[in-house]
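**Q** Throughout the sequence shown, residue numbering follows my numbering, covering 9 to 182 in sequence. No residue lacks a Cβ here, since even glycine has one placed at the ideal position from N, Cα and C. Bear in mind the structure is a predicted one, so any value in this text is a computation, not a measurement.
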Amino acid sequence: MKLKVSQLDTGENRFQFSSAKDKWLKGVIDHLGTQGYTVSPTGLDMDLVVTKLEPDYVLRGRLGYEATMACDRCAEPFSLKVKHPFDLAYVRSAQSEGDEDLDQTVFEGDEIDLKPLVEEQFFLGLPFALICKEDCKGICQSCGENRNLGNCHCVASEPTNAFSELAKLRDSGR
Ligand SMILES: [Zn+2]
Ligand SMILES: [Zn+2]
Numbered sequence: 009m010k011l012k013v014s015q016l017d018t019g020e021n022r023f024q025f026s027s028a029k030d031k032w033l034k035g036v037i038d039h040l041g042t043q044g045y046t047v048s049p050t051g052l053d054m055d056l057v058v059t060k061l062e063p064d065y066v067l068r069g070r071l072g073y074e075a076t077m078a079c080d081r082c083a084e085p086f087s088l089k090v091k092h093p094f095d096l097a098y099v100r101s102a103q104s105e106g107d108e109d110l111d112q113t114v115f116e117g118d119e120i121d122l123k124p125l126v127e128e129q130f131f132l133g134l135p136f137a138l139i140c141k142e143d144c145k146g147i148c149q150s151c152g153e154n155r156n157l158g159n160c161h162c163v164a165s166e167p168t169n170a171f172s173e174l175a176k177l178r179d180s181g182r
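1) Determine the DSSP secondary structure at glutamine 24, reduced to helix, strand or coil.
2) Between the Cα of arginine 81 and those of Glu142, Val13, Gly19, spot the shortest distance and give me the residue it belongs to.
3) Just to confirm my understanding: we take aspartate 118, look at its own chain, exclude 5 residues before and 5 after, and list those with CB closer than 8 Å. What are they?
4) If contacts are defined as beta-carbon pairs under 8 Å, then valine 99 and aspartate 121 qualify, I think. What distance do you get, rounded to the angstrom?
5) Run through DSSP, which three-state label would proline 135 get?
6) Just to confirm, are valine 36 and lysine 123 a CB contact at a threshold of 8 Å?
7) Enumerate, from N- to C-terminal direction, the unbroken beta strand (DSSP E) stretches of 3 or more residues contained entirely within the stretch 59-114.
8) If you run the structure through DSSP and keep just helix, strand and coil, what is glutamate 119?
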């Protein structure tokens, strides 16, 4: 999806995109799929306000998505819902001064390509830790069991082993 900026009104232009109706967003979902990210086919949408301030543009909005992720701790798939706000400047040439808080993208010609924008904001919207729940107990390092499903026997036996090893050392030292 490429915005033809010459066709935009001066000032604010509002858009709403949804993968339920916009084919190009389905293309983005497919592309994310090839990188190992499973986004729900109808679970990607974007509210976008493009402010035309020739020669530059401000793109503000919110990307929402539902994805299935593998938990960093227990490796089980879980569903993640994200609403990620963004605030971007599209400029004709790199500006050294100006609003330092805005991310700047340099563009040429008459078009702003929204596909790379959506993909970039998708990744920026991912939480730092991808965990299925706050208190996910993860996988046992010794036996590989998912500890959310119940405690494996390693947890209980390890301290006992350590003590008995100490006891053995003490005995052999005598
Ligand atoms: Zn987990
Ligand atoms: Zn274990």
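**A** According to the structure data:
1) strand
2) Glu142
3) Lys12, Val13, Ser14
4) Not a contact, Cβ separation roughly 15 Å.
5) coil
6) yes
7) 64-78, 85-99, 111-114
8) strand
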